[in-house]
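With this note's numbering, letter number 370 in the sequence shown gets 370, and the count goes up by one each step, no holes. Heads up: the structure comes next, in structure tokens.
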Amino acid sequence: MQPKIIALADCNSFFVSCEKVFNPALEGKPVVVLSGNDACVVSRSPEAKAIGIKMQAMGTEVKRFVSSHGLHIFSSNPALYRDMSRRVMTTLSHFCPTVEVYSVDEAFLDLTGFSQHNRVEYGQQMRQSVKQWTGIPVSIGIAPTKTLAKIANHRAKADPASQGVVDLTTGQDWFAILSEVAVRSIWGVGSHTAEALQARGIKTALQLQQADQSWIKKRFGVILLRTVLELGGMSCLPVEPTSDPRQGMMVTRCFGRPVTELAEMREAIATHTSRLAEKLRQEGLATQVVYVSMRTNRFANTPQYEASQEIRLEAPTNLTDKLLPHTLEAASALFKEGFQYYKAGVSAPKLVEADEVQTNLFDAHSDEKSQRLMQAMDQINRKLGSGSIKYAAMGLKQDWGTRVGYPSKRYTTCWDELPIVRA
């Protein structure tokens with residue numbers, strides 16, 4: 001059996017890099033991207049790191065760097081980031097048939113059997129192609145296991161001499177590298193587990209790899225034991241292609257300001273329901289179970305409340321008009337006066353293929369009419385822009401919407417915001 005060879009491709013400062021692709025003037029400048037509602041920093045350029053901006057720094061705190069250091073701030077632009085992620089993953093698939101999309105900016109590749117290639121050179125080819133075809137810089141970590149590939153990737157980002165690719169399969173003493181990695185930085189080791197290990201004197205990845213495996217299994221379970229084995233070079237986590245349909249879907253948003261009125265909460269739930277149904281139709285999926293949830297801000301010094309409700313439908317569906325009555329009823333039942341709501345959402349935890357749904361004989365005609373209506377709405381919204389036609393329950397002003405103080409354009413997904421090139 002051939003030894004496993006796994007690569008991890010990770011985009012560098014992904015959200016910031018997406019903004020730079022269509023705004024070259026940002027190159028060499030300090031840039032940050034904020035999370036939803038402009039709450040905190042979730043992506044930084046190297047220049048932003050150099051002036052002392054930390055991850056998770058509050059959006060209101062970094063404003064002072066605009067005048068003092070010329071900082072450029074952007075609100076989150078999910079439409080752009082999702083599309084750029086798709087382009088990066090499509091490019092990576094040209095180099096390896098087995099690609100597991102791990103997150104919006106990371107993917108594992110199974111390079112087992114690629115013995116005819118110099119792996120560092122192959123990694124450089126991947127980097128150059130992704131950069132040329134998408135404009136996004138990536139780093140490549142190559143190792144016998146996923147856990148070691150994570151460590152190799154981190155080293156590829158931190159060490160300029162590596163030129164963005166580190167290979168731990170070429171006889172390098174990766175145990176020397178493990179001695180430099182803090183146990184809290186290991187992929188899959190949570191903060192509570194790290195504290196417990198440190199209390200036992202296990203402070204580095206090397207010490208964890210050399211720990212008593214029977215004690216690890218008894219004290220922490222098989223999941224951490226797999227991590228220990230992976231640190232030793234035994235692959236326990238295979239690369240799993242992500243071609244299977246997703247198992248769940250959700251639409252959740254933070255409010256731009258606290259919501260205190262039921263009417264506004266119902267508008268938000270209606271909006272999230274409509275978006276969820278649209279996403280289901282786009283992917284040819286349907287759901288029979290829907291969750292509605294709402295909560296206050298856990299970090300605010302205000303009365304706290306959190307609630308959710310499961311809705312089980314008679315048959316799976318992706319039709320907005322079939323979902324709305326149920327989610328709106330749940331919103332009214334869950335809502336309590338006297339609280340400042342921070343976030344609400346609608347989710348579908350169990351999905352099925354829409355074309356495999358067994359229709360009800362008595363509802364077949366009604367569903368057919370609804371499907372034609374949904375097709376017409378989707379076509380109009382694709383042509384004229386999202387939200388051009390919508391249900392009245394979603395509201396008109398939506399003053400509660402997510403705050404976007406530093407918007408950038410949806411360069412690749414909106415006709416009105418396409419980049420303009422002047423010769």
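For each residue, glycine too, the CB sits at the ideal point set by N, CA and C.
Cα-Cα separation between residue 56 and residue 130, rounded to whole angstroms: As a working note, residue 56 is residue 56 in the sequence shown. As a working note, residue 130 is residue 130 in the sequence shown. If you take the alpha carbons of residue 56 and residue 130, they lie about 28 angstroms apart.
Indicate whether residue 202 and residue 228 have their beta-carbon atoms separated by less than 8 angstroms. Here residue 202 is taken as the residue at index 202 of the sequence shown, counted from 1. Here residue 228 is taken as the residue at index 228 of the sequence shown, counted from 1. No, Cβ-Cβ distance for residue 202 and residue 228 is not below 8 angstroms.
What would DSSP say about residue 66, mapped onto helix, strand or coil? Translated into positions along the sequence shown, residue 66 becomes position 66. Residue 66 falls in the helix class under three-state DSSP.
Classify residue 145 as helix, strand or coil using the three-state DSSP reduction. The residue you call residue 145 lines up with position 145 of the sequence shown. It is coil, neither helix nor strand.
Quick check on DSSP: helix, strand or coil for residue 283? Stepping through the sequence shown from its first residue, residue 283 is reached at position 283. Residue 283: coil per DSSP, three-state reduction.
If you run the structure through DSSP and keep just helix, strand and coil, what is residue 233? Numbered from its first residue, the sequence shown carries residue 233 at position 233. In the structure shown, residue 233 sits in coil (DSSP, three-state: anything other than H, G, I, E or B).
Taking C-beta to C-beta, are residue 159 and residue 120 nearer than 8 angstroms? Position 159 of the sequence shown, counting from 1, holds the residue named residue 159. Position 120 of the sequence shown, counting from 1, holds the residue named residue 120. Going by C-beta atoms, residue 159 is not nearer than 8 angstroms to residue 120.
Limits of the alpha helix (DSSP H) - the one that residue 55 falls within: Counted from its first residue, the sequence shown places residue 55 at position 55. Run containing residue 55: none; DSSP gives neither H nor E here.
C-alpha gap between residue 109 and residue 38, whole angstroms: As a first step, residue 109 must be located in the sequence shown, where it is residue number 109. As a first step, residue 38 must be located in the sequence shown, where it is residue number 38. Roughly 34 angstroms separates the two Cα atoms.
Helix or strand or just coil, what does DSSP make of residue 160? Translated into positions along the sequence shown, residue 160 becomes position 160. It is helical.
Tell me whether residue 349 sits in a helix, a strand or coil according to DSSP, three-state version. Along the sequence shown, one-based indexing puts residue 349 at 349. Residue state, collapsed to three classes: coil.
Residue 395 and residue 267 closer than 8 angstroms at C-beta: Mapped onto the sequence shown, residue 395 falls at position 395. Mapped onto the sequence shown, residue 267 falls at position 267. Against a cut-off of 8 angstroms, the Cβ pair of residue 267 and residue 395 comes out as a contact.
Residue burial classification, residue 237 (beta-carbon count within 10 angstroms, cutoff 16): As a working note, residue 237 is residue 237 in the sequence shown. So residue 237 ends up on the buried side.
Collapsed DSSP secondary structure at residue 151 in the structure displayed: For the purposes of this step, residue 151 is taken as the residue at position 151 of the sequence shown. Three-state result, residue 151: helix.
Quick check on DSSP: helix, strand or coil for residue 18? Here residue 18 is taken as the residue at index 18 of the sequence shown, counted from 1. Residue 18: helix per DSSP, three-state reduction.
N- and C-terminal bounds of the alpha helix (DSSP H) containing residue 121: If you number the sequence shown from 1, residue 121 lands on position 121. Residues 119-134.
In whole angstroms, what is the alpha-carbon distance linking residue 222 and residue 211? Looking up residue 222 in the sequence shown gives position 222. Looking up residue 211 in the sequence shown gives position 211. Distance between the alpha carbons of residue 222 and residue 211: 14 angstroms.
Could you spell out where the beta strand (DSSP E) holding residue 73 opens and where it closes? Residue 73 sits at position 73 when you count from the first residue of the sequence shown. It spans 72-74 - the beta strand (DSSP E) in which residue 73 sits, taken as one unbroken run.
Candidates 348, 70 and 35: closest to residue 25 by CA position: The residue given as residue 25 occupies position 25 in the sequence shown. Of the candidates 348, 70 and 35, the one whose C-alpha sits nearest the C-alpha of residue 25 is 70.
Pull up the distance between the alpha-carbon of residue 170 and that of residue 97, whole angstroms please. One-based indexing of the sequence shown puts residue 170 at position 170. One-based indexing of the sequence shown puts residue 97 at position 97. Their Cα atoms are separated by approximately 23 angstroms.
Given that a residue counts as buried once 16 or more other Cβ atoms are within 10 Å of its Cβ, and exposed if not, what is residue 18? What you label residue 18 is simply residue 18 of the sequence shown in a count that begins at 1. Result: buried.
Where in the segment 245-318 do unbroken runs of the alpha helix (DSSP H), each at least 4 residues long, occur, reported from the N-terminal end onward? 262-282
Which first and last residues belong to the beta strand (DSSP E) in which residue 44 is found? Translated into the one-based positions of the sequence shown, residue 44 becomes position 44. From DSSP, the beta strand (DSSP E) with residue 44 extends over 41-44.
Could you name the residues of the same chain whose beta carbon sits closer than 6 angstroms to that of residue 106, not counting the 5 residues immediately before and after it, in chain order? Numbered from 1 along the sequence shown, position 106 holds the residue referred to as residue 106. Within the same chain, residue 106 has close Cβ partners 10.
Tell me whether residue 132 is buried or exposed, calling it buried when 16 or more other Cβ atoms sit within 10 Å of its Cβ. Along the sequence shown, read from residue 1 onward, the residue named residue 132 stands at position 132. Under this definition residue 132 is an exposed residue.
Distance between beta carbons of residue 287 and residue 350, contact taken as under 8 angstroms: By 1-based counting over the sequence shown, the position of residue 350 is 350. By 1-based counting over the sequence shown, the position of residue 287 is 287. That pair is a contact at about 6 angstroms.
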